[in-house]
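Participant: Below you will find the structure I want to go over with you.
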């Protein structure tokens, strides 16, 4: 932060206008001279036309830049939301190798904006996992400059928040889709849990299971691994009342194998997008959606030689 303040003074900027964010090799300090030396050129190059340049510049092991946009019409006019993010490995919020920057031209006071960010992150960035591993730093920023001149009415704040959350969910899904070495994007839905929090824990356990992720990589409909992973979540539920669908095909009914065509399901699991649904029958109302990816030999290659 001291480096940032020094650079800000050199550029005659207020320190609050500079938001530091970085990822990289853990324990390796950044060279402050490179940062300070680059700031004048970066400030001079600021332009409303360079959004995609910035999204590309923050990539590390990402294969593609990640951006998302939304617009909603309110009584006084339209407001827009734009976001960019990076992240591909060491993804398991709450702390992940992730940078995210979401901006809106709506006029939204800070208290409401902070609440929108807290709610939105729980439905987006905190619902993804690539490898179940965490990092030492991440940054997610939500900014509102009011440039549209449109201040949502109290009742319209819901629409503004929906647009912001839509962008955050898209960015989060793009991270999971672009997981290091990943070939498949996986959506996990859990329902019938004792609470929403319990459902999140169950979905997260499934998403983090190396056995589940490698089964998906190999197009193996090994549903027992899914049930076992859910059982490791620390949530009390009855497997005898649990059904599992993979790619829309029932593979487990009441905790036991359901009849299905192995060949047909294996073919469906070869698709780049996979769906897993786990439902506990009973009085539980908890539900959650989580996103992850498969685990392949490509992940090992990338991380075995990350520094060399």
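In our numbering, the protein residues as written are 136 to 443. We put the beta carbon where it would ideally sit given N, CA and C, even for glycine. It should be emphasised that the depicted structure is a prediction, and the values quoted were computed from it without experimental measurement.
1. Taking all protein chains shown into account, do 16 or more other C-beta atoms lie within 10 angstroms of the C-beta of residue 161, making it buried, or fewer, making it exposed?
2. Is residue 375 helix, strand or coil by DSSP?
3. Enumerated in chain order, which unbroken segments of the alpha helix (DSSP H) with a length of 4 residues or greater are wholly contained in the region 373–429?
4. Residues in the same chain with beta-carbon distance under 6 Å from residue 335, minus the five sequence neighbours each way, listed in chain order, please.
5. When the Cα atoms are used, what is the spatial distance from residue 299 to residue 216?
6. My guess is that residue 235 and residue 260 are in contact by the Cβ rule of under 8 Å, so how many angstroms apart are they, rounded?
7. Buried or exposed, going by whether 16 or more other CB atoms sit within 10 Å of the CB of residue 201?
8. How would you write the range of the beta strand (DSSP E) that residue 290 sits in, first residue to last?
9. Could you check which residue in 392, 377, 245, 198 has the C-alpha nearest to that of residue 317?
10. Is residue 205 helix, strand or coil by DSSP?
11. Note down, one range per segment and in chain order, each beta strand (DSSP E) of at least 3 residues found wholly within the region 246–320.
12. Kindly indicate which three-state DSSP category residue 166 falls into: helix, strand or coil?
13. Let me know the secondary structure DSSP gives residue 442 once reduced to three states.
14. Helix, strand or coil for residue 369? Go by DSSP, reduced to three states.
15. Strictly by DSSP, which residues pair up with residue 238?
16. Quick one: is residue 348 buried, meaning 16 or more other Cβ sit within 10 Å of its Cβ, or exposed?
17. Where does residue 433 sit, in a helix, a strand or coil, going by DSSP?
Facilitator: With the given structure in hand:
1. One-based indexing of the chain shown puts residue 161 at position 26. Classification for residue 161: exposed.
2. Here residue 375 refers to the residue found at position 240 when the chain shown is read from its first residue. Residue state for residue 375 is assigned as helix, using DSSP reduced to three classes.
3. Along the length of the region 373–429, whole alpha helix (DSSP H) runs at least 4 residues long occupy 397–404, reported in chain order.
4. Walking along the chain shown from the start, residue 335 turns up at place 200. If you ignore the 5 residues before and after residue 335, its C-beta comes within less than 6 Å of the C-beta of 423, all in its own chain and listed in chain order.
5. Locating residue 299 in the chain shown gives position 164, counting from the first residue. Locating residue 216 in the chain shown gives position 81, counting from the first residue. If you take the alpha carbons of residue 299 and residue 216, they lie about 6 Å apart.
6. Taking the first residue of the chain shown as 1, we reach residue 235 at position 100. Taking the first residue of the chain shown as 1, we reach residue 260 at position 125. 7 Å between Cβ atoms; contact.
7. Along the chain shown, read from residue 1 onward, the residue named residue 201 stands at position 66. Classified as buried, residue 201 has 16 or more neighbouring CB atoms from the shown chains inside 10 Å of its CB.
8. Within the chain shown, numbered from 1, the residue matching residue 290 stands at position 155. Boundaries for residue 290: no beta strand (DSSP E) harbours it, and the DSSP string shows neither H nor E there.
9. Counting from 1 along the chain shown, the entry for residue 317 is found at position 182. The shortest C-alpha separation from residue 317 is found at 198.
10. Translated into positions along the chain shown, residue 205 becomes position 70. Looking at residue 205 - three-state DSSP - the assignment turns out to be strand.
11. If only complete runs of 3 or more residues are kept, the region 246–320 shows the beta strand (DSSP E) at 274–279, in order along the chain.
12. Along the chain shown, read from residue 1 onward, the residue named residue 166 stands at position 31. In the displayed model, residue 166 falls within coil according to three-state DSSP, outside both helix and strand.
13. The count along the chain shown starts at 1 and reaches residue 442 at position 307. The answer is coil: DSSP assigns residue 442 none of H, G, I, E or B.
14. Along the chain shown, one-based indexing puts residue 369 at 234. Coil at residue 369, not helix or strand.
15. The residue you call residue 238 lines up with position 103 of the chain shown. Its beta-bridge partners are 217, 278.
16. Translated into the one-based positions of the chain shown, residue 348 becomes position 213. Sixteen is the threshold: when 16 or more other Cβ atoms of the shown chains lie within 10 Å of the Cβ of residue 348, as they do, the residue is buried.
17. Residue 433 sits at position 298 when you count from the first residue of the chain shown. Helix, per DSSP.
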